[in-house]
Amino acid sequence: MLVLGLIWIYPYIWLLVSSFKPAREIFTTLWPSHFTVEHYQFIFVMSEKLERPFVRALMNSVFISSVVTFSVIVTSAFIGYAIARIDFKAGRYVFNFIIYQMLFPGFMFLIPLFILVRTFGLLNTYGAIIFPSLMSSWGIFMFSQSFKTVPQAYIDAAKMDGAGRIWTVLRIMLPLSRSTASIVGLFTFIGTWDNFLWPLMVMKDYYKMPLSVLLASFNHEYASYVGPVLAGSVLQTIPMVVIFLVLRKYFLQGIAMSLK
Amino acid sequence: MASLKSKDRKFGWGLISIYLAYTAVFWGYPFVWMVVLAFSKWNYFSPLKFVGLANFVRIFQDSTFIRVMLNTVNFLAYLVPMVLFASLAFAIVLAKLRYFRTFIMLSFLVANVSSGVAYSIMFSNIFAVNGPLNKLIYKLFGFTIPWFSDPQLAVFSICLIVTWKFIGYYGLILYAGLQAIPSNLYEAARLDGANRRTIFWKITLPLLNPSLITVVVLSTMLTFGIFTEPYMITGGGPMQRTTTFLIYMYDTAFKRINPSYATTVAVVTAMMSYGLVMLIRRLFEKEVSFV
């Protein structure tokens, strides 16, 4: 089983080792005669001249994913609070609507959403990628479920101390639901980082592309540059793997929770 | 206290209305457009022309769409059994394991967080004609396998790499299901003299039904949404065999400039996926209780 585990991560190891192999040895040797960073040099320096700015794309991905993740956590927490802890009819209706909304697969909306973004003149801007994902029904659902379990005494105590409602959500509810916040954040970040079809549709500007799209187009146009393509794939993979390893505890909890 | 309650409500309404406004723009408006587009003819520039059910009539006479439907059946036929058996085996072994459980869980799960684009590139190189896998096979058996250029094999290969990605995740769902089965059931069965095979077929599998259905449903929905792998590796070929619904939708909308028909494709795809999932649940889902 241990061996199987190693076989399972072998593709990653191959990818990582190959990205440091000299170009001629990528397909010929298992272990290269020497290691080289020429492919990374190509990606960081040369690709700029081909108008395929990898560094920028990496930054774009970081920027887009961070903004979306931050926004989803904050909006989901507040709206989840309204649904779970404020006793009024609208909250219950919204909760039912959110469940109903999650029945529709995302791909149904891709083309109408494209038309919307186009009407707003947002094509080829960061907004086209960021705005449609600022809120998430799934995130609201997760937070409202978790907030339901917070004892009312905490909220009352905060009110007694004169904390405003916004303060209560930020300083009491969010820290108490740290694991939910991590799960929502983790899945949102990975999902946004890995999102491919939507940015492919709305972003044709090489300087604003997230890494996934730039890497794909580079792979189509310069497929013979195997080394740089592999190095780019490593770049695309590493943040996801690192975040996963850091938050792995919550990932497991998240899987357990999403089953209920 | 009454005023506090009403203030609470005001705060709630404020938040809810932000949500409603956002949803109206980014969900409601596209939803209306989706319905409108499905019943009209449009190419982004011309005035919208209402055509009634013409798109839906056309879709079932469209030979490419029928090809894509058959492809999806082809994908389902490989992917669902492969994923189901492999992740079941994974879960069972994981439950029996004493050491290294965390390490093995992590190495299977880390496959699941791989980026679609990056892992497609990775596998298209590993499976390449002169790639490391074919080298190994050539050394051992003296021939090479055209992983992505033979029509059937290309479908199979894509299913193989999707399986690689998802076994950890689905395996964990089944593992959680296994852990939920009370151990006294097994003990009672053993006391009654049941052998291991009987226990597996009569106790484990029936009680695992909810988790198994979850995995089948998730992998079915996954199959309807495959895009990145064929887009990156095969481009939909060879002979259109790996063209999935989403690739067809994308090409129709942006290469053939026909957003209205592409929307119809998306709607029909979603309905078929939903129908199939409902059918699976109707046929196989059973109420399970441990009491």
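The listed protein sequences derive, respectively, from chains A and B.
Taken in order, the first sequence gives residues 14 to 273; the numbers are from our numbering.
Taken in order, the second sequence gives residues 4 to 294; the numbers are from our numbering.
C-beta atoms are modelled at their ideal positions from N, C-alpha and C, and glycine is treated no differently.
query, result
"First through last residue of the alpha helix (DSSP H) which encompasses B/L109", "104-115"
"Per-residue burial, A/P145 [other beta carbons within 10 Å of its own, 16 or more giving buried]", "buried"
"Interface flag, A/S84 vs chain B, CB-CB below 7 Å", "no"
"Opposing strand residues paired with B/K44 [DSSP bridges]", "B/K52"
"Buried versus exposed call for B/N187 [16 or more other C-beta atoms within 10 Å across all chains shown]", "exposed"
"Pair within 7 Å by beta-carbon distance, A/V182 and A/F91", "yes"
"Proximal residues, the region 136-149 of chain B versus chain A, C-beta separation under 8 Å", "K138"
"Sequence-distant residues of the same chain with beta carbon closer than 8 Å to B/S127, five excluded per side", "F151, M235, I236"
"A/R69, DSSP secondary structure in three states", "helix"
"Alpha-carbon spacing of B/G15 relative to A/A95, whole angstroms", "5 Å"
"Residues that A/W21 contacts on chain B, provided the C-beta gap is smaller than 7 Å", "S110, F111, A114"
"Rounded straight-line distance, which links the Cα of B/I140 to that of B/A265", "42 Å"
"Own chain residues within Cβ distance below 8 Å of B/M85, not counting five before or after", "C162, L163, T166"
"Proximity below 7 Å, CB of B/S43 to CB of B/V54", "yes"
"Exposure of B/K13, with buried meaning 16 or more beta-carbon neighbours within 10 Å", "exposed"
"Complete alpha helix (DSSP H) runs within the region 138-209 of chain B (minimum length 4 residues, chain order)", "154-183, 186-194, 199-202"
"Interface partners of B/M37 on chain A, CB under 7 Å", "M121, F122, P125"
"Where the alpha helix (DSSP H) through B/G238 begins and ends", "That residue, B/G238, is in no alpha helix (DSSP H); it is neither H nor E in DSSP."
"Cutoff 7 Å: B/V280 Cβ touching any chain A Cβ", "no"
"B/Y81, buried or exposed, once every other Cβ within 10 Å from all chains shown has been counted against 16", "buried"
"Range covered by the alpha helix (DSSP H) that runs through B/G31", "Looking at the DSSP string, B/G31 is not in any alpha helix (DSSP H), and its letter there is neither H nor E."
"Contact belief for A/T201 with A/V50 at Cβ below 8 Å, rounded distance in angstroms", "Going by Cβ atoms, the distance from A/T201 to A/V50 rounds to 33 Å, so no, they are not a contact pair."
"Beta carbon proximity, B/F103 to chain A, threshold 7 Å", "yes"
"Simplified DSSP assignment, three categories, for B/V38", "helix"
"Span separating the alpha-carbon of B/F230 from that of B/L177", "26 Å"
"Secondary structure of A/W1, DSSP reduced to three states", "Residue 1 of chain A is absent from the structure shown; chain A starts at 14 and stops at 273."
"Short CB-CB distance (under 7 Å) between B/T255 and chain A", "no"
"Simplified DSSP state of B/N77, which is helix, strand or coil", "helix"
"Candidates A/V107, A/D169, A/G134, of which the one nearest B/K8 by Cα", "A/D169"
"Contacts that B/V270 makes with chain A (C-beta to C-beta distance below 7 Å)", "M121"
"C-beta neighbour in chain A for B/M274, strict 7 Å", "no"
"Per-residue burial, A/I268 [other beta carbons within 10 Å of its own, 16 or more giving buried]", "buried"
"Segment limits, alpha helix (DSSP H) that includes A/T201", "191-207"
"Option in A/Q249, A/L227, A/S246 with minimal Cα separation from A/E64", "A/L227"
"Buried or exposed by the 16-neighbour rule on C-beta atoms within 10 Å, applied to A/V239", "buried"
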